[in-house]
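What follows is a set of notes on a single structure, which appears directly below.
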Ligand code: ARG
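In the working numbering, the protein residues as written are -15 to 555.
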């Protein structure tokens, strides 16, 4: 990247064309033999009043004079209007590999974020409901984004906006009072709470007065009634215990669990501001906000006719609170696409209230999980529990490792890391708006594009390094300028692009950019590994190749880490 910018500046000086424009034109040619990067000169023809071929000839001529033997750009060719640049491989390899070996797990980090605060709100399950596989989308994407922003020098605040408030808790309290048994619930909280919640809906169909009862209980909850609040807290504590188990398994932590209930006392201010600004309108007893026609948004209810607040009101309060508390630069919500309209409404309300930071709020949406070819072992109906899926993945991984005659001692630990990694990889493999197709064959395909494949590549690399050390080989002072072969140099170029991949993942809020990147690196390294016996290479080259292997391992470990996936030394 730096070399491209250097060239763009040189050419800008020579032509008077803006360096930025030139830099944008620079691209990677489709074929290796056409250079490491190239600049098409066609768009200069008009201003320079010469044919593109002539322009590229002249520029090549004059650049050659400036790129001395010490330059990392080794050669410039002019071919029919294109300037093709060839790197000095020896120099580029030395620079890239030594930088990785020096910076190690810090490689790829920048301080471009300047410590500005980025809030990543993710996971946010609803209490008293099962933690199902769909929750993993938000959990995996959000966790990864928080690590990506962290790497770029932002101050990241991870928030779990728990769904712990709303009329459904009135229903649950009513159900509990009718059919609940504390001991039964304590033994298996979420399942039992779900059972009585489902029963509530069944009975309410026969007897609609139950709905009024539920509304009454939620009203009591909002008023802070002691008995009802104590019950709600009991539901919440029991649920949190289960959620925490999932987060621990996935290695995920939050800075704040301020969920919907946290804002229950912060709503009057929202209503007040809306009222003062004349934004509230009465409609069938409820207070609503209407949007300008060009937004094409349906009106949003702020207060229901009984005076209670809704989900959207709490989100407005939460955004204001977050701005005051964290003074965020970006406030990211990792929530499924079905809630896109909701966030459009919430952000528009904030804008209407006159908060100029409304456009720093970003909804990062994602698609559904689909199970095309199998029935998962589920404990209730069509709800696929995350815990069941993780356990199944770990068990299947263990079977595969056992069949491979691996002699590792810590098979349970390894199976857990590979099994969970395989699931996370699957959830971060494609663009987040695409549906996730869940098939075990793909997830645990150790040879395909999968978590285990990348983890295996890492373990393979580490095993050569162990072997080298066991044989007394010290590659610390290897001559890295020997890494000029096509295959080695291709890997070096990819490793040099790590920072760019991280930046692009942040720009698009797409962890899959990292998944794609590191899978490509792993594939390229495996090709190299299979075609060349590293340990049997001639001594100097062997050492340089070992150093390259270590750099690949450093990048794989770091990239998988950004996806929330752990590596293992042996598998
Ligand atoms: N609890 C919600 C659900 O499970 C997701 C919350 C999303 N975040 C928010 N700020 N509204 O659907």
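By construction, the Cβ of each residue, glycine as well, lies at the ideal position given by its N, Cα and C atoms.
Test item: CB-CB of residue 614 and residue 474 under 8 Å: This structure leaves residue 614 out entirely; the chain is present only between -15 and 555.
Touch test, the stretch 125 to 133 against the stretch 199 to 208, Cβ-Cβ under 8 Å, three pairs minimum: Because the criterion of three Cβ pairs below 8 Å is not met, the stretch 125 to 133 and the stretch 199 to 208 do not touch.
Proximity winner among 488, 553, 512, 477, relative to residue 71 (alpha-carbon distances): Reading the chain shown from its first residue, position 87 is the one you call residue 71. Measuring from the Cα of residue 71, the nearest candidate turns out to be 477.
Proximity to residue 164 [Cα-Cα], best of 354, 150, 179, 11: Mapped onto the chain shown, residue 164 falls at position 180. Considering only alpha carbons, the answer is 179.
For residue 126, the first and last residue of its enclosing alpha helix (DSSP H): Taking the first residue of the chain shown as 1, we reach residue 126 at position 142. Note, residue 126: alpha helix (DSSP H), 119 to 135.
The stretch 63 to 70 touching the stretch 8 to 22, judged by at least three CB pairs closer than 8 Å: In this structure the stretch 63 to 70 lies against the stretch 8 to 22, because at least three pairs of beta carbons, one per stretch, are closer than 8 Å.
Integer Cβ distance of residue 449 from residue 534, believed to fall under 8 Å: Here residue 449 refers to the residue found at position 465 when the chain shown is read from its first residue. Here residue 534 refers to the residue found at position 550 when the chain shown is read from its first residue. By a beta-carbon distance limit of 8 Å, residue 449 contacts residue 534. Their separation comes to about 6 Å.
Cβ contact (3+ pairs, closer than 8 Å) linking the stretch 438 to 458 and the stretch 513 to 522: With a cut-off of 8 Å, the stretch 513 to 522 and the stretch 438 to 458 count as touching, because enough Cβ pairs lie within range.
Residue 267 in three-state terms, based on DSSP: Translated into positions along the chain shown, residue 267 becomes position 283. When secondary structure is reduced to three states using DSSP, residue 267 falls in the strand class.
Length of the line joining the Cα atoms of residue 58 and residue 479: The residue labelled residue 58 in the question sits at position 74 within the chain shown. The residue labelled residue 479 in the question sits at position 495 within the chain shown. Near 19 Å, if we compare the C-alpha coordinates of residue 479 and residue 58.
Ligand 2 heavy atom lying under 7 Å from the CB of residue 317: Questions concerning ligand 2 fall outside what the structure shown contains, since the ligands it does hold are ligand 1.
Near ligand 1: residue 239 beta-carbon under 7 Å from a heavy atom: Within the chain shown, residue 239 is the residue found at index 255, counting from 1. Answer for residue 239: no, Cβ out of range of ligand 1.
Residue 335 beta carbon less than 8 Å from that of residue 342: Here residue 342 refers to the residue found at position 358 of the chain shown. Here residue 335 refers to the residue found at position 351 of the chain shown. Going by C-beta atoms, residue 342 is nearer than 8 Å to residue 335.
Per DSSP, the bridge partner or partners of residue 147: As a working note, residue 147 is residue 163 in the chain shown. Looking at the DSSP assignment, residue 147 forms a beta bridge with 110.
Distance CB(residue 421)-CB(residue 373) smaller than 8 Å: Start at 1 with the first residue of the chain shown, and residue 421 comes out as number 437. Start at 1 with the first residue of the chain shown, and residue 373 comes out as number 389. Between residue 421 and residue 373, the CB-CB gap reaches or exceeds 8 Å.
Collapsed DSSP secondary structure at residue 315 in the structure displayed: For the purposes of this step, residue 315 is taken as the residue at position 331 of the chain shown. Residue state, collapsed to three classes: strand.
For residue 240, the residue or residues it bridges with in DSSP: Locating residue 240 in the chain shown gives position 256, where the first residue counts as 1. Answer is 143, bridged to residue 240.
Interface flag, residue 191 vs chain B, CB-CB below 8 Å: This model lacks chain B altogether; it includes just one protein chain.
Close-in-space but distant-in-sequence residues of the same chain around residue 145 (CB under 6 Å, 5 per side omitted): Residue numbering aside, residue 145 sits at position 161 when the chain shown is read from its first letter. Here residue 145 has 105, 108, 243 as same chain residues with Cβ atoms under 6 Å from its own Cβ, once five neighbours each way along the sequence are excluded.
Element boundaries [beta strand (DSSP E), containing residue 68]: Locating residue 68 in the chain shown gives position 84, where the first residue counts as 1. Here the beta strand (DSSP E) through residue 68 covers 66 to 71.
Beta strand (DSSP E) segment containing residue 21, residue limits: Here residue 21 refers to the residue found at position 37 of the chain shown. From DSSP, the beta strand (DSSP E) with residue 21 extends over 21 to 24.
Chain-order list of residues whose beta-carbon lies under 7 Å from that of residue 250 (same chain, five-residue window excluded): Indexing the chain shown from 1 puts residue 250 at position 266. Taking residue 250 as the centre and dropping the five residues before and after it, the same chain places the C-beta of 301, 305 closer than 7 Å to its C-beta, in chain order.
C-beta atoms of residue 66 and residue 114 nearer than 8 Å: Position 82 of the chain shown, counted from the first residue, corresponds to residue 66. Position 130 of the chain shown, counted from the first residue, corresponds to residue 114. In this structure, residue 66 keeps its C-beta atom at 8 Å or more from the C-beta atom of residue 114.
Top-ranked residue by Cα proximity to residue 500, from 530, 410, 419: The residue you call residue 500 lines up with position 516 of the chain shown. Comparing alpha carbon positions, the residue from 530, 410, 419 closest to residue 500 is 410.
Ranges of the alpha helix (DSSP H) found wholly within the stretch 455 to 536, counting only runs of at least 4: If we require 4 residues or more, the alpha helix (DSSP H) runs fully inside the stretch 455 to 536 come out as 470 to 480, 482 to 492, 496 to 515.
heavy atom of ligand 1 below 7 Å from residue 145 C-beta: Here the question's residue 145 lines up with position 161 in the chain shown. Result yes, Cβ under 7 Å from ligand 1.
Residue -13 Cβ short of 7 Å to ligand 1 heavy atom set: One-based indexing of the chain shown puts residue -13 at position 3. No - ligand 1 has no heavy atom lying nearer than 7 Å to the Cβ of residue -13.
Through-space distance from residue 226 to residue 399, alpha-carbon basis: Here residue 399 corresponds to residue number 415 of the chain shown, with the count starting at 1. Here residue 226 corresponds to residue number 242 of the chain shown, with the count starting at 1. One C-alpha to the other measures close to 22 Å.
Alpha helix (DSSP H) runs wholly inside the stretch 31 to 81, at least 4 long, in chain order: The qualifying runs are 36 to 50.
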